[in-house]
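Colleague: Chains as they are written, first to last, in this note's numbering: chain Z, 28 to 385; chain G, 28 to 385; chain W, 28 to 385; chain U, 28 to 385.
Note that CB positions come from ideal geometry on N, CA and C, so glycine has one too.
Please read these numbers as outputs of a predicted model, since none were measured by experiment.
Protein chains: 4
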Amino acid sequence: MSFNIGDHLHITIFGQSHSKAIGVVMEGIPAGEMINFSAVENFMARRAPGKNALTTTRNEPDLPVILSGLNNERTCGAPLCMMIENHDPRSKDYAEIQDVPRPMHADYPAYLKSGGFNDIRGGGPYSGRMTAPLCLAGAVCLQILAKRGIKIAAHIASIADVQDLLFDPICVDAFVMDSLLARSFPVLDENAGENMQVKVQEAKADQDSVGGVIEACAIGFPAGYGDPMFDGLENRLAQILFGIPALKGLEFGAGFSSAKMRGSEHNDAFYFSEKGEIRTRTNHHGGILGGISTGMPIILRAAFKPTPSIGKEQDSVSLSRKENTKLKIQGRHDPCVVLRAVPVVEAAIAIVLLDYLL
Amino acid sequence: MSFNIGDHLHITIFGQSHSKAIGVVMEGIPAGEMINFSAVENFMARRAPGKNALTTTRNEPDLPVILSGLNNERTCGAPLCMMIENHDPRSKDYAEIQDVPRPMHADYPAYLKSGGFNDIRGGGPYSGRMTAPLCLAGAVCLQILAKRGIKIAAHIASIADVQDLLFDPICVDAFVMDSLLARSFPVLDENAGENMQVKVQEAKADQDSVGGVIEACAIGFPAGYGDPMFDGLENRLAQILFGIPALKGLEFGAGFSSAKMRGSEHNDAFYFSEKGEIRTRTNHHGGILGGISTGMPIILRAAFKPTPSIGKEQDSVSLSRKENTKLKIQGRHDPCVVLRAVPVVEAAIAIVLLDYLL
Amino acid sequence: MSFNIGDHLHITIFGQSHSKAIGVVMEGIPAGEMINFSAVENFMARRAPGKNALTTTRNEPDLPVILSGLNNERTCGAPLCMMIENHDPRSKDYAEIQDVPRPMHADYPAYLKSGGFNDIRGGGPYSGRMTAPLCLAGAVCLQILAKRGIKIAAHIASIADVQDLLFDPICVDAFVMDSLLARSFPVLDENAGENMQVKVQEAKADQDSVGGVIEACAIGFPAGYGDPMFDGLENRLAQILFGIPALKGLEFGAGFSSAKMRGSEHNDAFYFSEKGEIRTRTNHHGGILGGISTGMPIILRAAFKPTPSIGKEQDSVSLSRKENTKLKIQGRHDPCVVLRAVPVVEAAIAIVLLDYLL
Amino acid sequence: MSFNIGDHLHITIFGQSHSKAIGVVMEGIPAGEMINFSAVENFMARRAPGKNALTTTRNEPDLPVILSGLNNERTCGAPLCMMIENHDPRSKDYAEIQDVPRPMHADYPAYLKSGGFNDIRGGGPYSGRMTAPLCLAGAVCLQILAKRGIKIAAHIASIADVQDLLFDPICVDAFVMDSLLARSFPVLDENAGENMQVKVQEAKADQDSVGGVIEACAIGFPAGYGDPMFDGLENRLAQILFGIPALKGLEFGAGFSSAKMRGSEHNDAFYFSEKGEIRTRTNHHGGILGGISTGMPIILRAAFKPTPSIGKEQDSVSLSRKENTKLKIQGRHDPCVVLRAVPVVEAAIAIVLLDYLL
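(1) Going by the CB atoms, is the gap between Z/GLU242 and Z/HIS311 shorter than 8 Å?
(2) Hey, is Z/PHE30's beta-carbon within less than 8 Å of any beta-carbon in chain W?
(3) Thinking C-alpha only, which one of W/ILE246, W/GLN190, W/ALA374 is nearest W/ILE315?
(4) Between the stretch 323-334 of chain G and chain Z, which residues of the former have CB atoms less than 8 Å from a CB of the latter, in chain order?
(5) Counting only beta-carbon separations shorter than 8 Å, does G/ALA243 have a partner in chain Z?
(6) Can we say the stretch 155-175 of chain U touches the stretch 270-288 of chain U, given the rule of at least three CB pairs closer than 8 Å?
(7) Are the CB atoms of W/HIS35 and W/ASP382 nearer to each other than 8 Å?
(8) By the DSSP assignment, the alpha helix (DSSP H) with Z/GLN170 in it spans what residues?
(9) If contact is defined by three or more beta carbon pairs under 8 Å, each pair taking one atom from either stretch, is the stretch 364-381 of chain Z in contact with the stretch 171-189 of chain Z?
(10) Just to confirm, are W/GLY338 and W/GLN170 a CB contact at a threshold of 8 Å?
(11) Please report how far the alpha carbon of W/MET131 lies from the alpha carbon of G/PRO106, in whole angstroms.
(12) Does W/VAL240 have its Cβ less than 8 Å from a Cβ in chain U?
(13) Would you list, in chain order, the members of the stretch 305-324 of chain G that have their beta-carbon closer than 9 Å to a beta-carbon of chain Z?
(14) Give the range of the alpha helix (DSSP H) segment to which Z/ARG367 is assigned.
(15) How far does the beta strand (DSSP E) with G/HIS182 in it reach, from first residue to last?
(16) By a C-beta neighbour count over all protein chains shown, 10 Å radius and 16 as the cutoff for buried, is G/CYS168 buried or exposed?
(17) If you follow the alpha helix (DSSP H) that G/GLY290 is in, where does it begin and where does it stop?
(18) W/MET109 to U/MET256, Cα distance in whole Å?
(19) Return helix, strand or coil for W/TYR298, following the three-state DSSP convention.
(20) Look at the alpha carbon of G/LYS47 and the alpha carbon of U/LEU97, and state the distance between them as a whole number of angstroms.
(21) State the beta-bridge partners of W/MET110 as determined by DSSP.
(22) Taking the alpha helix (DSSP H) that U/GLU217 belongs to, which residues open and close that run?
(23) Which residues, taken in chain order from the stretch 266-298 of chain Z, show a beta carbon closer than 9 Å to some beta carbon of chain W?
(24) Using beta carbons (cut-off 8 Å, strictly below), is W/GLY42 in contact with chain A?
(25) Closest to U/THR309 by CA distance: which of U/GLY303, U/PRO249, U/GLU301, U/ALA296 is it?
(26) Taking the alpha-carbon of G/ALA58 as reference, which of G/ILE32, G/GLU100, G/VAL51, G/ALA72 has the nearest alpha-carbon?
(27) Residues of chain Z with CB closer than 8 Å to the CB of G/GLN357, please, in chain order.
(28) The stretch 213-243 of chain U: which residues have C-beta closer than 7 Å to a C-beta of chain W, in chain order?
(29) Per DSSP, G/GLN357 forms a beta bridge with which residues?
(30) Quick one, are the C-beta atoms of W/ALA201 and W/LYS174 less than 8 Å apart?
(31) Mapping the DSSP letters down to three states, classify G/ILE124 as helix, strand or coil.
(32) Counting only beta-carbon separations shorter than 8 Å, does U/ALA166 have a partner in chain W?
(33) When burial is assigned at 16 or more other CB atoms within 10 Å of the CB, is G/LYS275 buried or exposed?
(34) Using a Cβ-Cβ cutoff of less than 7 Å, which residues in the same chain neighbour Z/LEU208 once the five nearest sequence positions on both sides are dropped?
(35) Reducing DSSP to helix, strand and coil, say where Z/GLU304 ends up.
(36) Look at the Cβ atom of W/ILE40, then the Cβ atom of W/PRO160, and state whether they are nearer than 8 Å.
The structure is reproduced here in structure tokens:
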């Protein structure tokens, strides 16, 4: 189903951009897990809008409330339900687009699918706001994974034509990852980060937007987890990640560049490490073979399109008048979704990895 | 589950590379559909090995048998089960790799997952051979889609560094697609195709392999089908496509290149066509917005790694002796999986698209 | 999953007896349905405790709040989430049973399953209180079904040894069903109803409880809906109905009494009615053959055990001291769950029937 | 889906009564399990027709073939696919009923559901023959359960008005169960068994049929397995058991008789056994509380209607002529399905119990 995902750990998301509340129900979290709720709030703050000049000025404190699933601060086996109330909708901004679908948004197909009864305000359930409950779920999963020695972090690999360094697919470690998690603009190369911010501000000044790429990494995930064919790590990660609005491409390990390589160059040779563990000399496979983890760092990159909502006037159609028209989108929008999408990617990965371990 | 996929159309695949048979059970095919079985066989022939110098010499006629689901040559509502017997296994080729996992294959993680009880012969259920039943299912779906005016075709977009032309994302039509389906080496630019074949033969001569990219297109799929969040066209296409062994990257529409664009450049403007249909001027979105079809051609590209099985000696480990060792893979293997993967990609797309229509 | 059910209409329930809130997320409700919320509240009032001398004095107004899924009072295609806050928990009543599981309750197996981290207060997620969100979902489904000419009603077929009349399986009609829905003690034979109430009050006076049977009927459900084997009407109705705490038996049509009949007596002969519809002369099959509806009234009966919570002292064990002990349950409890279970059965049926129509 | 069931252990059934073959795909069986195939064949023999005067003379040896999933006689993690070829269809017997649906069969609703394209021969996928692949799957599960100390057996509790003894719900043990499994007519009281056989032969002589009840028991299943709400042992057992054609009622533990009891009489008191295990003094709960096992014997009873196919002339309708008509069913049929259903019930229980343990 659209808003349900997962096998042993089953996630149900509810809400729309401008509904009374949005939230998530998590079933399958083991009983007895202590949840550090301020860590959840801190994780949510990484995704929250309005925190700097690069993001929308929509100001949502996004304080979650736990409705069920805890007993004496520990999970109790009942579904864990967390809710965030929507406080700052400004629904009046969305009057015109009821009739004139915004280019590159889901307005037009959502109109068709719902027979015109879709909630257009803020994109309804197609809004990037639906990634807030995904992050709530991910924040809980990240805590549980951390207790099992598994760490996930992501960074902005590129914005427009500015490239960050990439993770070292062999040597990436907790130190590198923790330093990323501590940065308000998560890049490996701070110079690149500054240039990226310039690109975003230029786009904003032009009433325009830019796209980018996020690279994510998971370390400590044990070898031998996953499944062949349709239920492997890549399949499931892809299914959840393509649920993030604006994500249009995904690659694991060497990804698209592997298509240009020869086997002798691409194949990752196995060897026994000094600790007696089986490792690979290179990591073009991105930690996954046959849908199953190999114990090497799991590496993926996701491409995000530029924010569809731009201030410039655009061509569109009037659904009621059945004619071409112009549209100028009002409202507040991120000139680049990539920065706020970083914790969302981490959350999605965390949900999938924990599912396999349960 | 690993070998199950689909919602209204549910596919279950069974078999291993060297089991007595492989096959597929399809549940949800509407009753009353006439199945042209020779068209199914023709489709299977496109994937079959041994047809030219570029593919493995393993010779499997791959003649499917229908076990259930038909009545008077029409589907009857019962599960449609089709089976292919495995005739030419040469299992003796796989003795050594029981202990020494082949680099870049699933042998090592499969060993871990199964506690050493996995069937290593030909890769067991991790083999590319498992795409044969996927093609069987896809061949049936393609027929049913064709009756509803929907056509799917794919071509080799690149091998190594040789690029084919790409589909025109606005104007791609049945004529172009039919001509691709008729070619034994499906490319849009035949010169590029010849250069690609040289690359494959060079790799083969070097006991090596090469990777490549496949681009696929679906036209005629009506607007308004799909779902938001986790169950959209991109999510489901990704889930099934990452089930094809060797696939390591996937992008829709402009994909990774959209990450470098500005919104004003990337946004596809809506307009009313002369026929009164809503279309977009450009098709960077690849026919999908918010997980739902827009009526524009659905366009995707998938990156395939070079065939892991190469004749050159490689470094690996002995699982029993717990030491580093060398491995030289015997047996017959495709120097490039891309050619045979073209119909597999088409089949996977067909399965997903039909599911949404049921 | 435990708290998820449904195919086209997917229900996710959350909460525990004493959590901050309980609720339900419904995905798959068609967009554009007008929801009469006061009718939902009226339906909830039928299940609410504290309304007469026969039910627990726990007083929960059970006013639901809609968190998402509506737009201009109509469903909009987003998940419909409804929540009820828990106001009157009196958690102190449950101190002792943390260590001494109540006989015939889920306390002991829940303790095992959760490693002792289960929320024992009010039975946690095993509580009959979890049927409140089921009723919320059912109330919405009943409205949508009613617009399609489908009506569902249930009555108390027996309490202890007092039998109500049964539905006429051929002639049951909207008039009979509406009159049941209007009664605070829903029986067909009011004399029997009075005798049943005496039985309940006697049990209550003895600090004891009694069981009973509920019979339910659905009319207007069109022929030809359902599925063979594992996904038929009987399978799905059974799966959801056994989710109602205290339900221990279920039969369709003639049910257990069919086991004593001969085929010639039991078989329901087909005939064309005066309206030209195919009907059966008798309805031992209960409106379902091969898992699929026949257009005849759907009839089922469900047996409920006596409320496990009784005031009398009982034998149990101390989990911590690992010894036999005595337990006297405090708190307020229904002496017979059957009365409050009537709308729950209707709700569960409504959820299943609507799912097939979507 | 109709022919798919299970969570960790996923079963897919294919075939029709008169298709080329019927079979089952099992996904999720742990790798490394040794399968005793002659034990599977012996189990199938218990269900096979034609073995005595009480069952249909249709003679199907029902020898299964393993198509995939084994390696060196052990499961290997790939889907286990087993197939039985259909040899003795006599399809000509079914010409008339294409137009005149048999009373109490699925013919009419199946016709509606499939738009008239259903395979009527032998009932197509609605046939009792579809329980053969269910038994194949169950036979494998029973072996794996047996290695974990879990045993399942069923007996004929009644045919027509002849009652067998019931299992002692506290003391039922492996000795009693093994003796049942060894009997060609599985009853606890052999006198009752002889009387039952008389009833069946009388019905057969009258070209009629009779119904009956099967009682089943599982011992050794550990406490603490199952789930609350919709995914409990009762829910899942009910879902699969109602997939057995002719099953119309189901009860656990005291079942319908609990509805007549008072709580003080019905509640099963906990105590510590001499071995230090928590047990209950009585077992009205049938080994399941809150959907979770308690460690006590799991007890259920299922009611089967009389075989719908009887030799007597019956009233029905002509679908093409839209008029009432008479029908006299030719072909060979069991006068009582209960005998052959005994292993089917055991198989269904085994599939569910193993699923929870995986």
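Modeller: Let me lay it out:
(1) Locating residue 311 of chain Z in the first sequence gives position 284, counting from the first residue. Locating residue 242 of chain Z in the first sequence gives position 215, counting from the first residue. No, the pair does not count as a contact, with Cβ atoms beyond the cut-off.
(2) Walking along the first sequence from the start, residue 30 of chain Z turns up at place 3. Cβ-Cβ to chain W under 8 Å: yes for Z/PHE30.
(3) Here residue 315 of chain W refers to the residue found at position 288 when the third sequence is read from its first residue. Minimum Cα distance to W/ILE315 is reached at W/ILE246.
(4) ALA330, PHE331, LYS332, PRO333, THR334
(5) Position 216 of the second sequence, counting from 1, holds the residue named residue 243 of chain G. For G/ALA243, the answer is no, since every Cβ of chain Z falls outside 8 Å of its Cβ.
(6) yes
(7) For the purposes of this step, residue 35 of chain W is taken as the residue at position 8 of the third sequence. For the purposes of this step, residue 382 of chain W is taken as the residue at position 355 of the third sequence. It is a contact, given that the beta carbons lie within the stated cut-off.
(8) Reading the first sequence from its first residue, position 143 is the one you call residue 170 of chain Z. Where Z/GLN170 is concerned, the enclosing alpha helix (DSSP H) stretches over 158-174.
(9) yes
(10) On the third sequence, residue 338 of chain W is found 311 positions in, with the first residue counted as 1. On the third sequence, residue 170 of chain W is found 143 positions in, with the first residue counted as 1. Not a contact, by the Cβ cut-off of 8 Å.
(11) Position 104 of the third sequence, counted from the first residue, corresponds to residue 131 of chain W. Position 79 of the second sequence, counted from the first residue, corresponds to residue 106 of chain G. Take the alpha-carbon of W/MET131 and the one of G/PRO106: they are about 42 Å apart.
(12) For this step, residue 240 of chain W is matched to residue 213 along the third sequence. Output row for W/VAL240: interface = yes.
(13) ILE305, THR307, ARG308, HIS311, HIS312, GLY313, ILE315, LEU316, GLY317, GLY318, ILE319, SER320, THR321, GLY322
(14) Here residue 367 of chain Z refers to the residue found at position 340 when the first sequence is read from its first residue. 365-384 is the extent of the alpha helix (DSSP H) around Z/ARG367.
(15) The sequence position of residue 182 of chain G within the second sequence is 155, counting from 1. It spans 178-186 - the beta strand (DSSP E) in which G/HIS182 sits, taken as one unbroken run.
(16) For the purposes of this step, residue 168 of chain G is taken as residue 141 along the second sequence, with counting starting at 1. Result: buried.
(17) As a working note, residue 290 of chain G is residue 263 in the second sequence. First-last of the alpha helix (DSSP H) with G/GLY290: 290-293.
(18) Numbered from 1 along the third sequence, position 82 holds the residue referred to as residue 109 of chain W. Numbered from 1 along the fourth sequence, position 229 holds the residue referred to as residue 256 of chain U. Looking at the two C-alpha atoms, the distance is approximately 18 Å.
(19) Along the third sequence, read from residue 1 onward, the residue named residue 298 of chain W stands at position 271. Of the three classes helix, strand and coil, the one that applies to W/TYR298 here is strand, per DSSP.
(20) By one-based count along the second sequence, residue 47 of chain G stands at place 20. By one-based count along the fourth sequence, residue 97 of chain U stands at place 70. The straight-line gap from Cα to Cα measures roughly 10 Å.
(21) Against the third sequence, residue 110 of chain W aligns to sequence position 83. DSSP output for W/MET110 lists W/GLY50, W/VAL92 as bridge partner(s).
(22) Residue 217 of chain U sits at position 190 when you count from the first residue of the fourth sequence. Segment 217-232, the alpha helix (DSSP H) holding U/GLU217.
(23) none
(24) The chain labelled as chain A is not found among the protein chains of the depicted structure, namely Z, G, W and U.
(25) What you label residue 309 of chain U is simply residue 282 of the fourth sequence in a count that begins at 1. Looking from the CA of U/THR309, the closest CA among U/GLY303, U/PRO249, U/GLU301, U/ALA296 belongs to U/ALA296.
(26) Working through the second sequence from its first residue, we reach residue 58 of chain G at position 31. The candidate whose alpha carbon is nearest that of G/ALA58 is G/GLU100.
(27) Counting from one through the second sequence, the residue named residue 357 of chain G turns up at place 330. Those within 8 Å of G/GLN357 in chain Z number zero; the least Cβ separation is about 15 Å.
(28) When CB distances to chain W are screened at a threshold of 7 Å, the residues of the stretch 213-243 of chain U falling below it are ALA230, ASP235, SER236, VAL237, GLY238, GLY239, VAL240, in chain order.
(29) As a position in the second sequence, residue 357 of chain G is number 330, starting the count at 1. When DSSP reads this structure, G/GLN357 sits in no beta bridge, so it has no partner.
(30) On the third sequence, residue 201 of chain W is found 174 positions in, with the first residue counted as 1. On the third sequence, residue 174 of chain W is found 147 positions in, with the first residue counted as 1. No, Cβ-Cβ distance for W/ALA201 and W/LYS174 is not below 8 Å.
(31) Start at 1 with the first residue of the second sequence, and residue 124 of chain G comes out as number 97. Of the three classes helix, strand and coil, the one that applies to G/ILE124 here is helix, per DSSP.
(32) For the purposes of this step, residue 166 of chain U is taken as residue 139 along the fourth sequence, with counting starting at 1. With 8 Å as the cut-off, U/ALA166 does not count as an interface residue toward chain W.
(33) Translated into positions along the second sequence, residue 275 of chain G becomes position 248. Classification of G/LYS275: buried, given that the 10 Å Cβ count is 16 or more.
(34) Mapped onto the first sequence, residue 208 of chain Z falls at position 181. Closer than 7 Å at the Cβ level, and outside the excluded window around Z/LEU208, lie ALA180.
(35) Looking up residue 304 of chain Z in the first sequence gives position 277. Note: Z/GLU304 maps to coil in three-state DSSP.
(36) Locating residue 40 of chain W in the third sequence gives position 13, counting from the first residue. Locating residue 160 of chain W in the third sequence gives position 133, counting from the first residue. It is a contact, given that the beta carbons lie within the stated cut-off.
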